[in-house]
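*Asks:* Heads up, the first sequence is in this note's numbering, so the first residue is -9 and it goes up one at a time. Every residue gets a Cβ at the ideal spot worked out from N, C-alpha and C, and that includes glycine.
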Amino acid sequence: MRDGEPLLRIYYALLKKFGHRGWWPGETRFEVMVGAILTQNTSWRNVEKAIAGLKQRGLLTPRSLATADLGLIENAIRSSGFYKQKAERLKLFAHWLMDKYDGELDLLFAVPLQNLRKELLSLKGIGPETVDSILLYAGNKPVFVIDAYTRRIFWRLGLTKEDAKYDELQEFFESCLPHDVELFKDYHAQIVELGKTYCRKKPLCAGCPLRAICKNSGIGMS
DNA sequence: GTCCAGGGCCTAC
DNA sequence: GTAGGCCATGGA
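#1: For the alpha helix (DSSP H) containing residue 147, list its first residue and its last residue.
#2: Between which two residues does the alpha helix (DSSP H) harbouring residue 46 extend?
#3: Which value, in whole angstroms, describes the spacing of the CA atoms of residue 114 and residue 100?
#4: Could you check if residue 111 is buried or exposed, using at least 16 other CB atoms within 10 Å of its CB as the buried criterion?
#5: Drop a sphere of 10 angstroms on the beta-carbon of residue 125, count the other beta-carbons inside from all chains shown, and report buried for 16 or more, exposed for fewer.
#6: In angstroms with no decimal places, state the Cα-to-Cα distance between residue 43 and residue -5.
#7: What runs of the alpha helix (DSSP H), each 4 residues or longer, lie entirely inside the stretch 37 to 108?
#8: Straight-line CA distance for residue 176 to residue 170?
#9: Below 8 Å on the Cβ atoms is my contact criterion, and I expect residue 87 with residue 52 to pass it. Report the Cβ-Cβ distance as a whole number of Å.
#10: Please list, in chain order, all residues of the same chain as residue 66 whose beta carbon is under 7 Å from its beta carbon, the five residues on each side excluded.
#11: Give the single residue among 142, 106, 143 whose Cα lies nearest to the Cα of residue 128.
#12: In three-state terms, what does DSSP make of residue 21?
#13: Taking its Cβ as the centre, do 16 or more other Cβ atoms sit within 10 Å of residue 25, making it buried, or is it exposed?
#14: Is the beta carbon of residue 143 closer than 7 Å to that of residue 189?
#15: Note down, in chain order, each residue of its chain lying with its Cβ closer than 6 Å to the Cβ of residue 131, except the 5 sequence neighbours on either side.
#16: Terminal residues of the continuous alpha helix (DSSP H) containing residue 162?
#17: Applying the 10 Å Cβ sphere with the 16-neighbour rule, what's the burial state of residue 178?
#18: Assuming contact is defined by CB atoms lying nearer than 7 Å, are residue 91 and residue 98 in contact in what I supplied?
#19: Helix, strand or coil for residue 213, going by three-state DSSP, please let me know.
#20: What would DSSP say about residue 113, mapped onto helix, strand or coil?
#21: Excluding sequence positions up to five away, which residues of its chain have a Cβ less than 7 Å from the Cβ of residue 84?
#22: Between 121, 159, 167, which lies nearest to residue 139 when the distance is taken from Cα to Cα?
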């Protein structure tokens, strides 16, 4: 399964349909990182309100977030759901950033990629998808982000296994595609757009552009 | 009222 | 190592 052509064809079909997505929304790298934690199993609309709440309270810097009262953070991000654990995770994350890198993201992202990935993964509440979103969208590292939509869509396309592990899926995409940060950024964004619009937990609906993409690309669908 | 969202942790087996 | 429960708000 090393033929990358289908993956590129699918990307260009999505690009044609949706246009460049311009991901990730966020004014600063730190805001992107915070958003990556807040959006865990949560719609972006609710995350936007939470980010606005943090911004309003001056909590969108590592230093201010690390030293903020937990209750203040909880109130700011309530709209994002799971707000107690997310508040704790945000604070722990900011604290770690201050302790280890003095809050300097340039220092953080200067760490060799695989070491950095392991280090972030060891933090509480930061799983593989969140780490890779941070690395790709805040750190501009060539890392492909796998999410529930990616898993669902590419399984339905017959290109991956239903029970494939995160690392297996990531290896598949990274080995098939050129390691281009902008491509990785927009591809993931396109997948999410497709997923949100057509491929929620239900079976593929009529009108899903995947059908046309498959037909034109000679890809079999389950 | 029910389902789901741009996941991840903890516990049991 | 993995299946299942839990976290919680807000929109469809």
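*Replies:* On the basis of the coordinates in this document:
#1: Residue numbering aside, residue 147 sits at position 157 when the first sequence is read from its first letter. DSSP places residue 147 outside any alpha helix (DSSP H), giving it a letter other than H or E.
#2: Counting from one through the first sequence, the residue named residue 46 turns up at place 56. It spans 34 to 46 - the alpha helix (DSSP H) in which residue 46 sits, taken as one unbroken run.
#3: The sequence position of residue 114 within the first sequence is 124, counting from 1. The sequence position of residue 100 within the first sequence is 110, counting from 1. Their backbone Cα atoms lie some 22 Å apart in a straight line.
#4: Locating residue 111 in the first sequence gives position 121, counting from the first residue. Residue 111 is classed as exposed because its beta carbon has fewer than 16 other beta carbons within 10 Å across all chains shown.
#5: What you label residue 125 is simply residue 135 of the first sequence in a count that begins at 1. Buried, by the Cβ-count rule.
#6: Walking along the first sequence from the start, residue 43 turns up at place 53. Walking along the first sequence from the start, residue -5 turns up at place 5. Cα to Cα, the separation comes out at about 43 Å.
#7: 52 to 57, 60 to 67, 73 to 91, 95 to 98
#8: Along the first sequence, one-based indexing puts residue 176 at 186. Along the first sequence, one-based indexing puts residue 170 at 180. Computed Cα separation, rounded: 10 Å.
#9: Counting from one through the first sequence, the residue named residue 87 turns up at place 97. Counting from one through the first sequence, the residue named residue 52 turns up at place 62. Between residue 52 and residue 87 the Cβ distance is about 4 Å, and since that is below 8 Å, they are a contact.
#10: On the first sequence, position 76 is the one that residue 66 refers to. Here the set comprises 40, 43, 44, 47, 49.
#11: By 1-based counting over the first sequence, the position of residue 128 is 138. Among 142, 106, 143, the Cα nearest to that of residue 128 belongs to 106.
#12: Within the first sequence, the letter at position 31 stands for residue 21. DSSP, read as helix, strand or coil, puts residue 21 in helix.
#13: Indexing the first sequence from 1 puts residue 25 at position 35. Answer is buried; the Cβ neighbour count reaches 16.
#14: Here residue 189 refers to the residue found at position 199 when the first sequence is read from its first residue. Here residue 143 refers to the residue found at position 153 when the first sequence is read from its first residue. A contact, by the Cβ cut-off of 7 Å.
#15: Numbered from its first residue, the first sequence carries residue 131 at position 141. Result list for residue 131: 103, 125, in chain order.
#16: In the first sequence, the residue the question calls residue 162 occupies position 172. Looking at the DSSP string, the run of the alpha helix (DSSP H) that includes residue 162 is 156 to 166.
#17: As a position in the first sequence, residue 178 is number 188, starting the count at 1. Residue 178 is buried by the Cβ-count criterion.
#18: What you label residue 91 is simply residue 101 of the first sequence in a count that begins at 1. What you label residue 98 is simply residue 108 of the first sequence in a count that begins at 1. Taking 7 Å as the Cβ cut-off, residue 91 and residue 98 qualify as a contacting pair.
#19: Since the displayed the chain opens at -9 and closes at 212, residue 213 lies outside it and no answer follows.
#20: If you number the first sequence from 1, residue 113 lands on position 123. Residue 113 falls in the coil class under three-state DSSP.
#21: Indexing the first sequence from 1 puts residue 84 at position 94. 52, 55, 56, listed in sequence order.
#22: Within the first sequence, the letter at position 149 stands for residue 139. Of the listed residues, the one whose Cα sits closest to residue 139 is 159.
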